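Heads up, the thing below is written out as C-alpha cells.
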Amino acid sequence: MSSFSYGINSAIPTMRQLFSSPKGNPHLKASRAQKLEIGHSRQLFKTCFWIPACTIIMCVTSSDSPPHSAKLANTVQLPYGLKFRTQSDWVSKRESLDSIATFHTLPAYFTHDLALSATFKNLETELSLSNILDQNYQSEYGFPAPGRDFGIKIKYYLR
C-alpha cells in the first residue's frame, strides 16, 4: 500500500519570537511551508512489515525556520508486537539572530535516531536513541542542541 500527501502549513510567530527582550521582533510575519509526504507499506515475511516514509518540507517564508528539511523514517513491524524504527533528518542552512540582533548563518545538519517499541494489550514501551552519531548542531544561534541522548517511554491506554 502506498500513500502520497501534499499540504500547506502556516504558523504565526510565538510570543517569545515577537516580544522577548534580547531579540524579539514584533514585525515578524506568519511562516508558510509546503509539505510533501510519501509513504509505502510492504509485507516482508508472514509476520514482518516494512513501512518506509519520506517527508520533505519547503518553507516559502519563515521567521527563523530552515528553508528546506527532509525526514526519512523506516519502521519494521516485527513479531510479538515489536517495532523497530529508524529516522534520519536533514535540515538546510538557515539564518538565526543572536541577542544583539545580528544574523548568523547556521550550517546544515543530519541527525539519525533509532527506537525499539513493544506493545502488550494496553501497554506500550519504547527505548530510543536520538542523535546516534552525536552531531554537533544548533537549531537556534547560541543554543546547542542535545548530543547523543536516550529515552524510555511508557504509555498505558485506557480502553
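Each residue of the sequence shown is one higher than the one before, counting from 988 in our numbering.
Every residue gets a Cβ at the ideal spot worked out from N, C-alpha and C, and that includes glycine.
It should be emphasised that the depicted structure is a prediction, and the values quoted were computed from it without experimental measurement.
query: What are the boundary residues of the alpha helix (DSSP H) that includes leucine 1015?; result: Leucine 1015 -> no alpha helix (DSSP H), and no H or E assigned at all.
query: Using a beta-carbon distance below 7 Å, is alanine 1060 in contact with chain B?; result: In the displayed structure, chain B is absent; only one protein chain is listed.
query: What first and last residue would you give for the alpha helix (DSSP H) that runs through arginine 1210?; result: Residue 1210 is absent from the model: the chain starts at 988 and stops at 1146.
query: By the three-class DSSP mapping on this structure, what secondary structure does glycine 1026 have?; result: strand
query: Between Gln1122, Pro1133 and Lys1108, which lies nearest to isoleucine 1141 when the distance is taken from Cα to Cα?; result: Lys1108
query: Do three or more CB pairs link the stretch 1090–1100 to the stretch 1118–1127 at distances below 8 Å?; result: yes
query: For the beta strand (DSSP E) containing glutamine 1122, name the first residue and the last one.; result: Premise fails: glutamine 1122 is in no beta strand (DSSP E) and is neither H nor E.
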